[in-house]
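K.L.:
One structure, pasted below without further comment.
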Amino acid sequence: MKPALPDVVEVRSLYQPVVDLTTRAMVGVEALARGPAGSPFERPEDLFAAARAAGRLRDIDWLCRLSALRGALAAPLPPGQLLFVNIEPAVTDGFVPPDAVELLRHAEDMSVVVEITERDLLVDPAGLLRAVDRIRGRGWMIAVDDVGADAASLALLPFLEPDVIKLDMSFTQARGADDTASVISAVAAESGRTGARVLAEGIETERHLRSALDLGATLGQGYLFGEPAPLPRRVPEPSDVTAPPDTATDTTPMVSAVGITARRRPRNTPFAIGAAAGRVQRADGELVVSLSRRLEQQALANGPSTVVLTTIPYCFPLDTDAIAGARGVAGSGALVTVFGRDAHRAALPSLPNLRTRDIAPDDPIATEFTLIVVGPHLTAGMLARVVDDGPDPDFDYRLTYDRTVVLDAATYLLDRTSPAPDMFGPPANG
């Protein structure tokens with residue numbers, strides 16, 4: 093029988109260097125939580141497993157966050173150095189401990205990078221996206237951890253636009269060529285679009301370092317560069333507070349915050365977003381459905397790193413071809429969400445990756461027919477609206493591959509998939 097978590101838990105933080113792989117200069121540290129030394133909860137996985145079992149995940153997660161910040165402030169971590177802090181996205185009820193408010197205020201000027209583990213990305217996409225906005229509202233950055241451990245971890249990268257993409261250590265240490273190629277191709281595409289830095293984990297030998305460089309990583313961490321340890325105490329140098337570094341002599345590479353401006357939360361429906369961005373065409377339902385089927389085929393070809401979002405007009409029948417298409421896409425994609433009336437939702441198969449959401453007759457999307465596909469190499473959308481309510485209605489539509497338009501339309505729908513409390517409380521500016 094596993095021991096119960098004590099009422100009072102002491103959490104401490106160790107810190108592992110994050111380095112520039114070209115120069116091996118330290119650009120930051122990752123804070124790693126540890127439970128009481130010598131106890132059954134010293135390892136973080138055991139600590140968090142016990143916290144989940146006791147219903148205290150929120151409290152323990154906050155203890156770890158605050159320990160990470162407190163240690164970095166006390167050392168102090170040199171100005172401009174990055175502090176990577178892990179969070180549990182499932183803890184999103186908006187609670188902020190009273191003793192956290194002042195500490196968060198003191199940490200406002202730190203270069204904090206909040207890590208989200210890939211296993212949590214698809215649990216609650218709407219809550220996650222809003223939490224990311226709130227984190228960025230503090231001026232902090234976002235990293236996605238363990239990318240590639242599961243193919244689904246690539247699915248939300250286009251929505252999160254992380255500042256740092258952390259490759260799972262299996263790619264550095266050993267991974268099949270075909271599997272590696274598909275993940276690295278997707279990561280390179282995202283990094284190329286946004287400027288996100290790629291960080292390789294688990295670098296323990298010079299061979300691992302060569303592998304990391306071959307994979308396109310520019311940052312890295314692992315035992316080759318240093319084991320997790322307390323931060324050394326240091327006296328701030330005058331240059332820390334009196335002047336910026338001399339750009340002529342300072343060669344320490346820093347990470348730019350590429351995604352620091354949160355994606356605006358779209359208020360318009362997918363069709364309205366598409367219509368505002370380009371010319372709308374009119375066609376009968378047969379053509380619109382045929383075009384959407386083509387997008388379904390492209391989604392199938394993109395495989396398990398794909399997000400598919402669709403809305404079915406209230407007046408529209410759901411035929412066997414549509415049901416078969418939904419089944420096929422849901423069987424291969426990371427996340428498929430269908431918005432429709434009860435009759436539509438009841439006809440769909442029950443699959444782990446398929447989610448349904450009800451719409452009312454007066455819902456803003458009740459007259460829209462939408463099929464959006466977002467993947468590492470494809471961003472496309474059929475954004476249509478019923479023109480009349482006859483038996484064979486015509487549609488105004490826009491078929492677009494414009495990334496900004498499609499992601500805005502997709503974000504509008506993802507925002508409606510679940511409740512949305514935040515995990516870090518109000519932003520620093522109130």
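Residue numbers (the working numbering): 93 to 522.
The beta carbon of each residue, even a glycine, is placed where N, CA and C say it ideally should be.
1. Pick out the complete beta strand (DSSP E) segments inside the region 216-257, 3 residues or longer, and give them in chain order.
2. Indicate whether residue 111 and residue 317 have their beta-carbon atoms separated by less than 8 Å.
3. Please name the residue or residues paired with residue 207 in a DSSP beta bridge.
4. Helix, strand or coil for residue 507, going by three-state DSSP, please let me know.
5. Between the C-alpha atoms of residue 466 and residue 248, what's the straight-line distance to the nearest angstrom?
6. When the Cα of residue 365 is compared with those of 152, 131, 494, which residue comes out closest?
7. By DSSP, does residue 334 sit in helix, in strand, or in coil?
8. How many angstroms separate the CA atom of residue 426 from the CA atom of residue 242?
9. Is residue 113 close to the ligand NAP? I mean its beta-carbon at under 7 Å from any heavy atom of the ligand.
10. Mind checking which residues open and close the beta strand (DSSP E) that includes residue 109?
11. With the cut-off set at 8 Å, would you say residue 152 and residue 166 are in Cβ contact?
12. On the premise that residue 446 lies in contact with residue 418, defined as a C-beta separation below 8 Å, what is that separation, rounded to the nearest angstrom?
13. Indicate whether the contact test is met: 3 or more Cβ pairs, each with one atom in the region 476-490 and one in the region 272-284, closer than 8 Å.
14. Just the Cα atoms here: how many angstroms apart are residue 484 and residue 384?
15. Let's see if you can read the secondary structure: which residues bound the beta strand (DSSP E) around residue 120?
16. Below 8 Å between beta carbons: does that hold for residue 296 and residue 258?
17. Check for me: the alpha helix (DSSP H) holding residue 151 runs from which residue to which?
18. Starting from residue 432, follow its DSSP beta bridges and name the residues at the other end.
19. Our contact map puts residue 502 next to residue 464 with C-beta atoms below 8 Å; I'd like the distance itself, whole angstroms only.
20. For the beta strand (DSSP E) containing residue 101, name the first residue and the last one.
21. Rounded to a whole number of angstroms, what is the C-alpha to C-alpha distance between residue 434 and residue 450?
22. Give me the Cα-Cα distance between residue 94 and residue 141, rounded to the nearest whole angstrom.
23. So within the region 383-418, which uninterrupted beta strand (DSSP E) runs reach at least 3 residues, ignoring any that extend past its ends?
24. Less than 8 Å separating the beta-carbons of residue 255 and residue 304?
25. Based on DSSP bridge pairs, tell me the residues matched to residue 437.
26. I need the straight-line Cα distance from residue 369 to residue 283, nearest angstrom please.
27. Identify the residues that DSSP records as bridge partners of residue 292: which are they?
28. Can you list, in chain order, the residues of its chain whose CB lies under 8 Å from that of residue 441, leaving out five sequence neighbours each side?
29. Ordered along the chain, which non-local residues of its own chain (more than five positions away) have a Cβ less than 6 Å from that of residue 261?
30. Is the CB-CB distance between residue 253 and residue 230 below 8 Å?
31. In terms of residue numbering, what span does the beta strand (DSSP E) encompassing residue 475 cover?
32. Check the C-beta distance from residue 476 over to residue 496 and give it rounded, since I have them as a contact under 8 Å.
33. Does DSSP put residue 129 in a helix, in a strand, or in coil?
34. How is the alpha helix (DSSP H) around residue 365 delimited, first residue to last?
35. What residue range is occupied by the uninterrupted alpha helix (DSSP H) comprising residue 145?
36. Can you tell me whether residue 482 is buried or exposed? The criterion is at least 16 other CB atoms within 10 Å of its CB, across all chains shown.
P.N.:
Looking at the coordinates:
1. Counting whole runs of 3 or more residues, the region 216-257 contains the beta strand (DSSP E) stretches 233-239.
2. Result yes, Cβ atoms of residue 111 and residue 317 sit closer than 8 Å.
3. BP columns for residue 207 point to 178, 235.
4. DSSP places residue 507 in coil when its eight states are reduced to three.
5. One C-alpha to the other measures close to 9 Å.
6. Ranking the options by Cα distance to residue 365, first place goes to 494.
7. Bear in mind that a pLDDT of 35 at residue 334, under 50, signals an unreliable position, so the number given afterwards is only what the model happens to contain. Look at residue 334 here: in three-state DSSP terms it is helix.
8. Roughly 10 Å between the two C-alpha positions.
9. Summarising the ligand content, the structure contains no ligands, and the ligand NAP is consequently not present.
10. Run containing residue 109: 104-112, per the beta strand (DSSP E) assignment.
11. No, they are not a contact pair.
12. Between residue 418 and residue 446 a beta carbon distance of about 7 Å is seen, short of the 8 Å cut, so the two are scored as contacting.
13. The region 476-490 is not in contact with the region 272-284.
14. Rounded to whole angstroms, residue 484 to residue 384 spans 17 Å at the Cα level.
15. Residues 118-126.
16. Annotated as distal: residue 296 and residue 258, with beta-carbon spacing of 8 Å or more.
17. 149-166 is the span of the alpha helix (DSSP H), which, as asked, contains residue 151.
18. Partner(s): 450.
19. Taking 8 Å as the upper bound for CB-CB distance, residue 502 and residue 464 are in contact here, some 5 Å apart.
20. Unbroken run through residue 101: none, as it is neither H nor E.
21. In this model, residue 434 and residue 450 are separated by some 6 Å (Cα to Cα).
22. Residue 94 and residue 141 have their C-alpha atoms roughly 10 Å apart.
23. Runs found: 399-403.
24. With contacts defined as CB atoms closer than 8 Å, residue 255 and residue 304 fail to qualify as a contacting pair.
25. Under DSSP, residue 437 takes part in no beta bridge, so it has no partner.
26. One C-alpha to the other measures close to 25 Å.
27. BP columns for residue 292 point to 259, 312.
28. The residues are 415, 418, 419, 422.
29. Contacts found: 293, 294.
30. Pairing residue 253 with residue 230 gives a Cβ-Cβ distance that is not under 8 Å.
31. Unbroken beta strand (DSSP E) run through residue 475: 471-478.
32. With 8 Å as the limit, residue 476 and residue 496 do not qualify as a contact, their Cβ atoms being about 19 Å apart.
33. Correct three-state label for residue 129: coil.
34. Element bounds for residue 365: 362-369.
35. Where residue 145 is concerned, the enclosing alpha helix (DSSP H) starts and stops at 136-145.
36. By the 10 Å Cβ count, residue 482 comes out exposed.
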